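Residue numbers (our numbering), protein chains in the order written: chain A, 1 to 114; chain B, 1001 to 1113. All C-beta atoms, glycine included, are put in the ideal place defined by N, C-alpha and C. Only a predicted model underlies this, so the values are computations on that prediction, with no experimental measurement involved. Here is the structure we will look at.
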């Protein structure tokens, strides 16, 4: 079944630790995205990718970095986690196809930095 | 600058009532308007979408109404059920090149039993 997977679902980590949030999709979509969702619901785009070896910063400045070495994989890394990074991180993918321009989202990773 | 403005921020509707969420956009080049539904602990999921060549699209109890001249579109949930309680996001994008979706700020809907 085509889907998009995020791991871990929940992560509690100490300040200063390096973390990588995983995102994989099985749909062959070229475009992938990372959103940060605050408790107030709003979705903030922090990174996106047009395809392999393409990464762009989103609308919200973020200390995280991303890579896109394979079509299906779009991991997000924080080199040194801080309490201000506590949030929900959502990964999504899409493929332009006429009316089917919708995004498919993963279930998210809820990160808590203590 | 919020390109897609969504209201209300929260909404309480009685079971069986009609839930209405409104969005307004600035960019007349937008030509794809989806709505997403998000349950707690899950990512948003595409609910229904409309193109500006039609004024209304209906799927089951969910209807999008689109007013091109007013640059507004709305989601109507008929016969609202407690299971519809979720956060709803409107969005918009352009049909040229790689155009990212622009999301509204979200509406928390609570349908009381």
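Checklist entry - Which one of 1025/B, 1091/B, 1010/B, 1107/B has the shortest CA to CA distance from residue 1046/B? => result In the second chain, the residue the question calls residue 1046/B occupies position 46. Comparing Cα-Cα distances from residue 1046/B to each of 1025/B, 1091/B, 1010/B, 1107/B, the minimum goes to 1091/B.
Checklist entry - For residue 41/A and chain B, any beta-carbon pair shorter than 8 Å? => result Here the question's residue 41/A lines up with position 41 in the first chain. True, the Cβ-Cβ gap to chain B drops below 8 Å.
Checklist entry - Using a C-beta cutoff of 8 Å, does residue 45/A count as contacting chain B? => result Mapped onto the first chain, residue 45/A falls at position 45. Yes, residue 45/A lies at the interface with chain B (some Cβ there is under 8 Å from its Cβ).
Checklist entry - Nearest-angstrom Cα distance between residue 27/A and residue 1100/B? => result Residue mapping note: residue 27/A aligns to position 27 of the first chain, counting from 1. Residue mapping note: residue 1100/B aligns to position 100 of the second chain, counting from 1. Spanning the two alpha carbons is a distance of roughly 18 Å.
Checklist entry - Hey, would you say residue 58/A sits closer than 8 Å to residue 45/A, going by beta carbons? => result As a working note, residue 58/A is residue 58 in the first chain. As a working note, residue 45/A is residue 45 in the first chain. Contact flag set, yes.
Item to check | Local Cβ density within 10 Å of residue 1058/B, reported as buried at 16 or more and exposed below that | outcome: Locating residue 1058/B in the second chain gives position 58, counting from the first residue. Counting Cβ neighbours within 10 Å, residue 1058/B comes out exposed, since fewer than 16 surround it.
Item to check | Three-pair Cβ contact test at 8 Å for the region 1014-1033 of chain B versus the region 67-83 of chain A | outcome: no
Checklist entry - DSSP on residue 1084/B, reduced to helix/strand/coil? => result As a first step, residue 1084/B is located in the second chain; it is residue number 84 there, counting from the start. Here residue 1084/B sits in helix by DSSP.
Item to check | Contact list for residue 102/A against chain B, beta-carbon separation under 7 Å | outcome: Position 102 of the first chain, counted from the start, is the residue given in the question as residue 102/A. Result: 1034, 1046, 1049.
Item to check | Residues bridged to residue 1003/B [DSSP beta-bridge criterion] | outcome: For the purposes of this step, residue 1003/B is taken as residue 3 along the second chain, with counting starting at 1. Note: residue 1003/B sits in no beta bridge, so no partner.
Checklist entry - Can you find a CB in chain A that lies within less than 8 Å of the CB of residue 1105/B? => result The residue labelled residue 1105/B in the question sits at position 105 within the second chain. Chain A contact via Cβ: present.
Item to check | Whole-number beta carbon distance between residue 75/A and residue 20/A, since they are thought to touch under 8 Å | outcome: Locating residue 20/A in the first chain gives position 20, counting from the first residue. Locating residue 75/A in the first chain gives position 75, counting from the first residue. Rounded, the Cβ-Cβ distance is 5 Å, consistent with contact.
Next on the checklist: If you follow the beta strand (DSSP E) that residue 1014/B is in, where does it begin and where does it stop?
Outcome noted: Within the second chain, the letter at position 14 stands for residue 1014/B. Run containing residue 1014/B: 1010-1014, per the beta strand (DSSP E) assignment.
Checklist entry - Can the beta-carbon of residue 1075/B be found closer than 8 Å to that of residue 1021/B? => result In the second chain, residue 1075/B corresponds to position 75, counting from 1. In the second chain, residue 1021/B corresponds to position 21, counting from 1. Result yes, Cβ atoms of residue 1075/B and residue 1021/B sit closer than 8 Å.
Checklist entry - Can you find a C-beta in chain B that's less than 8 Å from the C-beta of residue 60/A? => result Counted from its first residue, the first chain places residue 60/A at position 60. Not one chain B Cβ lies under 8 Å of residue 60/A.
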